[in-house]
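Below you'll find the structure, written out as structure tokens, and then a few comments.
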Amino acid sequence: MERETLLTLLLVLFGGLALQPLAALRSWPTRENVARTRESRAWLRLWLPVIPTLVIAAWLCGWALRAPDPVRLPLGRTVIVMACAPFALVALRALLRAIGVLLRGPTDLPVCTVGLLRPRIIFSPFLARNLETRLLRAAWEHELAHARHHDPLRIWLAQIATDLQWPWPSAAKRFAVWLETLEWARDDEARSRGVAGTDLASAVVMVARYGASTTMRNGAARWEASPDAALTGAGAQSLEARISRLLLPLANEAGIPSAWYGGIAAATILVGIALAACALGVVDGSAILSPFFAWTWAV
Ligand SMILES: [Zn+2]
């Protein structure tokens, strides 16, 4: 079998075998009060089940660098293809949904941030004319926080990670929890820039009322299929908790490092682990995979 074809099949097979059991695990609840930290932890939990798959992929790429081409696997092809099929279908579903989001038409949310690479804020002209200035500013600061953190891109990536963990409800739950904490974190960022919690709460309620025919009625489903970062967030239930939270004093964030530092540190560690896995794949990939190939040949 051609080396690249076998590499693709092994990526799907071993990646799926590593991902699916971890996706089924339920996350422990967090009691963190600071929304920024809470959002970072929810983001990490969303990605944790995917990390072993990325490490295995790096290891397999290392193996492929030294593997002969073609790889001698005369009778194992059918077995490997059939074993890959369920995981390949999950990956294909995730890919099609991700592409579908990119191809869909303009958003119908009244206030949101759109654009994966160059986020921009969309504001309904009606609301821009009719909202009081302080409510307008509150909504604007919330969306600016979304744009600052490239949240449409992060929502799109998070949706892909969740789709790769399909069909486990725990994965969908992690995504929903992260979306909720994301809104809390952006609310707090807007408030830390001088916006009153009551103003932001009023703006959210007014925009939710205005967009009731789309955002509220189809809230959860709309979010699941869209990377747009809306002012009104992820649906009526989380909106209620969010409004209550906005009426409380802002949590003290003094001494808590920026989320950017945590993100850079996590990415650096992950790249380091992936490089180490790739190097290990180069060194001992063939020796470890040989028994597997012998087994599939025997089957
Ligand atoms: Zn928002």
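Take the sequence shown: its letters are residues 0 to 298, numbered as in numbering that gives the first Met the number 0. For glycine and all other residues, C-beta sits at the position ideal for the given N, C-alpha and C.
| Query | Result |
| --- | --- |
| Hey, how far is the Cα of residue 228 from the Cα of residue 264? | 25 Å |
| What is the DSSP secondary structure of residue 221, counted as helix, strand or coil? | Because the pLDDT of residue 221 is 44, which lies under 50, any placement of that residue in the model is unreliable, and the question is left without a value. |
| Between residue 258 and residue 39, is the Cβ-Cβ spacing less than 8 Å? | yes |
| Rounded C-beta distance between residue 100 and residue 225? I'm assuming under 8 Å. | 7 Å |
| Given a cut-off of 8 Å, decide if residue 174 and residue 45 are closer than it, judged by their beta-carbon atoms. | yes |
| To the nearest angstrom, report how far apart residue 32 and residue 250 are at their CA atoms. | 7 Å |
| Relative to the C-alpha of residue 54, which residue among 276, 289 and 186 is closest? | 276 |
| Using beta-carbon positions only, say whether residue 18 and residue 48 come within less than 8 Å of one another. | yes |
| Would you identify the three-state DSSP class for residue 120, choosing helix, strand or coil? | strand |
| With distances taken Cα to Cα, identify the nearest neighbour of residue 30 among 209, 180 and 279. | 180 |
| Quick check on the burial criterion: 16 or more other C-beta atoms within 10 angstroms. Buried or exposed for residue 240? | exposed |
| How is residue 180 classed by DSSP in three states: helix, strand or coil? | helix |
| Go ahead and label residue 289 buried or exposed: buried means 16 or more other beta carbons lie within 10 angstroms of its beta carbon, across all protein chains shown. | exposed |
| With DSSP run on the structure shown, which of helix, strand or coil describes residue 113? | strand |
| So which of 76, 242, 87 and 104 has the shortest CA-CA distance to residue 207? | 242 |
| Where does residue 157 land, buried or exposed, given buried means 16+ other C-beta within 10 angstroms? | buried |
| Assuming residue 155 contacts residue 97 (C-beta within less than 8 Å), just tell me the rounded distance between them. | 7 Å |
| State the DSSP-derived secondary structure class of residue 250, mapped to helix, strand or coil. | coil |
| Measure the C-alpha to C-alpha separation of residue 112 and residue 148 and round it to an integer number of angstroms. | 11 Å |
| Rounded to whole angstroms, what is the Cα-Cα separation between residue 273 and residue 247? | 43 Å |
| Which of the three DSSP states, helix, strand or coil, is assigned to residue 229? | strand |
| Do residue 151 and residue 115 have their C-beta atoms within less than 8 Å of each other? | yes |
| Does residue 162 come out as helix, strand or coil in the three-state DSSP assignment? | helix |
| Mind listing which residues have their beta carbon within less than 6 Å of any non-hydrogen atom of ligand 1? Chain order is fine. | 141, 145, 182, 185, 228, 229, 230 and 232 |
| Cα-Cα, which of 108, 231 and 2 is closest to residue 59? | 2 |
| Beta-carbon of residue 134 versus every beta-carbon of chain B: anything under 8 Å? | Going by chain labels, chain B is absent from the structure shown, which holds only one protein chain. |
| For residue 125, is the classification buried or exposed, using 16 other Cβ atoms within 10 angstroms of its Cβ as the cut-off for buried? | exposed |
| Would you call the CB atoms of residue 231 and residue 210 closer than 8 Å? | yes |
| Does DSSP classify residue 47 as helix, strand or coil? | helix |
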